[in-house]
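Here the structure is laid out as structure tokens; the discussion comes afterwards.
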Amino acid sequence: MGLITSETEITTAIPAARLFKAFVTDGDTLIPKIAPQAFKSFGILEGDGGPGTIKQIQRPGGAGLQFVKHKIESLDKESMSMSYTVIEGDPMLAKAEAIAVELKVEAAADGGSKGEHITTVTPKPGVEVKAEEAMAGKGMAMAVLNAVDAYLVANPQAYA
17 MGLITSETEI
27 TTAIPAARLF
37 KAFVTDGDTL
47 IPKIAPQAFK
57 SFGILEGDGG
67 PGTIKQIQRP
77 GGAGLQFVKH
87 KIESLDKESM
97 SMSYTVIEGD
107 PMLAKAEAIA
117 VELKVEAAAD
127 GGSKGEHITT
137 VTPKPGVEVK
147 AEEAMAGKGM
157 AMAVLNAVDA
167 YLVANPQAYA
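For the working numbering, add 16 to where a residue sits in the sequence shown, where the first one is 1.
Laid out in structure tokens, this is it:
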């Protein structure tokens, strides 16, 4: 079985630099505040926050999945893009050799932003992975992005 890729396009009225700063640059602080039911904390285990950094995301007790670790592969604040690989904690890793995520945000003509969120799952040899199970985390990512968007709309001075 080959790669399973899911691409989601996003659009928002929030300017691209402001959205990237809130979601990516300061997301470790902001996201647990605005989505405590889904995220308890984000912490750096190794590195300085740039490429090569390993982060652990703690989930609240009783949320099923208790933590996920990922490694930042690239982070470019100027082009407002980042990529990371999931390295531990995700139950999908029992079936997958790799889970890679890419995020890119850019300015839209109307002053807001557009972007894409791409998740690619590489199944282990001989293991069948259904697209639905490979993309189980996609809904969570979109819910968090929507929460950040709503926070920025309600707080126009935040990350301005």
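Where is the CB? At the ideal position from N, CA and C, for every residue including glycine.
Computed from a prediction, not measured in an experiment: that's the story for all the values here.
- Aspartate 64 sits in coil when the DSSP states are folded into three classes, being neither helix nor strand.
- Under the Cβ criterion (8 angstroms, minimum of three pairs), the region 119 to 138 does not count as touching the region 42 to 62.
- Put simply, the backbone Cα of glutamate 149 is about 28 angstroms away from that of phenylalanine 36.
- Rounded to whole angstroms, the Cβ separation of alanine 112 and lysine 140 is 6 angstroms, and the two are in contact under 8 angstroms.
- In the three-state reduction of the DSSP assignment, phenylalanine 55 falls in the coil class.
- The Cβ atoms of serine 57 and glutamine 74 lie closer than 9 angstroms to each other.
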